[in-house]
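Asks:
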Amino acid sequence: MDRAVMHLFSASFLIILMMSVMAAAAPTYPPPAPVTPTPPTVPTPTPNTPSGETAKRPRCRNPNYSFCYNIEHTCPAACPNGCVVDCVICKPVCSCDRPGAVCQDPRFVGNDGITFYFHGKQNRDFCLLSDSNLHINGHFIGKRNQNMKRDFTWVQAIGILFDDHQIYVGARKTATWDESVDRVALSFDEQPIYLPEVEGAKWQSEVDPRITISRSSVTNRITVEVEGNFKITANVVPITEEESSIHNYAITSEDCYAHLDLSFKFYSLSEDVNGVLGQTYAKNYVSKVKMGASMPVMGGDNRFITSNVFAKDCPVARFTGTDSTHSGSSTEYASLTCGSGIDGTGVVCKR
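Counted the way mature numbering (1 follows the signal peptide of the UniProt record, and there is no 0) counts, the sequence shown spans residues -25 to -1, 1 to 326.
In structure tokens:
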């Protein structure tokens, strides 16, 4: 083989060797992934707002107050059982601190702004308000405290009479409390009412469209209204372990004593109205509770006791089923608050 051929062979071999080295050093990439169509976006259903959260973020629901209507507010820390919006001043107010409130064991706030207690007796019914075309009884539940001369009591249900109708609002007996489980019992003219567990769900009477019942939150809080007559907010609440410990209620796991916290508004009362709460709306009413007492108590069980939750036989009964006032109004009054900022038990404030 001559020298020229050998040089050509060597050059070819060197080129092939260099190409092999370059191929081995080149980076390798995975094959492209197959193209997969993007699935359509399905909106996630909005979960129901927990009832307790709704009660702590109330709105003014009265369209007559356009500057405040439907604006969301946050309850103050001082309102453990929720609050409502006072549409007149457009501010949240503790539900149990307003005139017309009946809460806890039972603590009343009269129309005059004076706070007092009326204990009654367990498993008995008492007239909360009686007027010519509105009568409201409360059914009391409770338990005996061996160290006291009275029962611990709470309002478990109310019976409402007006015109020729009746409405029942009650708290179902409950062992272990779960805020997500609705414990409200409702009926109209002895027929049960079912409200879907959705905030704002509304029932309206077919025989009288003025009568509505709606959910103020997903569970355990409802509003009953008869246009021109009354509006009642009812909240089903338990006795908590903390409350039981503080007040020595001795509540057991068998029964949490679910009861109603109530807020009343009245639009067409006469000057002759009576009842445990009703008397505070009467003309020239003067409270007889001891103003200096740490726990002012309203006595007179015998004047207000009645035979059942729909009975009209209490000694102070005024109900006839007809309206003697004809002065109904949808105007709301601002909550009573002293200008000095001092308010609470036994304090009288001027509107």
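Just so it is clear, CB atoms sit at the ideal spot from N, CA and C, and this is done for glycine as well.
With DSSP as the reference, label V145 as helix, strand or coil.
Replies: A quick correction: the sequence has Gly, not Val, at residue 145. Strand.
Asks: With residue 329 and C58 assumed to form a contact (beta carbons below 8 Å), what rounded beta-carbon distance in angstroms separates them?
Replies: Past the boundaries of the shown model lies residue 329; the chain is included only from -25 to 326, so the question cannot be answered.
Asks: Give me, in chain order, the residues of the same chain whose beta-carbon lies closer than 6 Å to that of D106; leave out the 5 immediate sequence neighbours on both sides.
Replies: Cβ within range, chain order: L244, S245, V248, R293.
Asks: Pick out whichever of I168, V159, K177, S269 has its Cα sitting closest to the Cα of T90.
Replies: Selected option, being the one with the closest Cα: S269.
Asks: Which full runs of the beta strand (DSSP E) of 3+ residues lie inside the segment 175 to 226, going along the chain?
Replies: If we require 3 residues or more, the beta strand (DSSP E) runs fully inside the segment 175 to 226 come out as 177 to 179, 186 to 190, 196 to 201, 205 to 212.
Asks: Within 10 Å of its beta-carbon, does I214 have 16 or more other beta-carbons around it, so buried, or fewer, so exposed?
Replies: Buried, by the Cβ-count rule.
Asks: Apart from the five residues just before and just after F127, which ones in its own chain have a Cβ nearer than 7 Å to its Cβ?
Replies: Hits under 7 Å: D80, G117, K118, N120, Y224.
Asks: Compare the beta carbon distance of C69 and C43 with 8 Å and say whether it is the shorter of the two.
Replies: Their beta carbons are not under 8 Å apart, which means C69 does not touch C43 by this criterion.
Asks: If we call anything under 8 Å between Cβ atoms a contact, is N204 one with N56?
Replies: For N204 and N56, no; Cβs fall outside 8 Å.
Asks: On the CB-based measure, 16 or more other CB atoms within 10 Å of its CB, does P33 come out buried or exposed?
Replies: When all chains shown are included, P33 counts as buried.
Asks: The beta strand (DSSP E) that contains N112, what's its start and end?
Replies: First-last of the beta strand (DSSP E) with N112: 109 to 119.
Asks: In terms of alpha-carbon separation, which member of I207, H222, I226 lies closest to L235?
Replies: The shortest Cα separation from L235 among I207, H222, I226 belongs to I207.
Asks: Would you mind working out which of V159, A286, S192 sits nearest E174, comparing C-alpha positions?
Replies: It is S192 whose Cα lies nearest to the Cα of E174.
Asks: How far does the beta strand (DSSP E) with F163 in it extend, from its first residue to its last?
Replies: Start and end: 159 to 163.
Asks: At what residues does the alpha helix (DSSP H) containing F279 begin and finish?
Replies: Segment 276 to 279, the alpha helix (DSSP H) holding F279.
Asks: If you draw a straight line from the alpha carbon of R278 to that of R99, how long is it in whole angstroms?
Replies: Approximately 13 Å between the Cα atoms of the pair.
Asks: Which value, in whole angstroms, describes the spacing of the CA atoms of G113 and L161?
Replies: Answer to the nearest angstrom: the Cα atoms are 14 Å apart.
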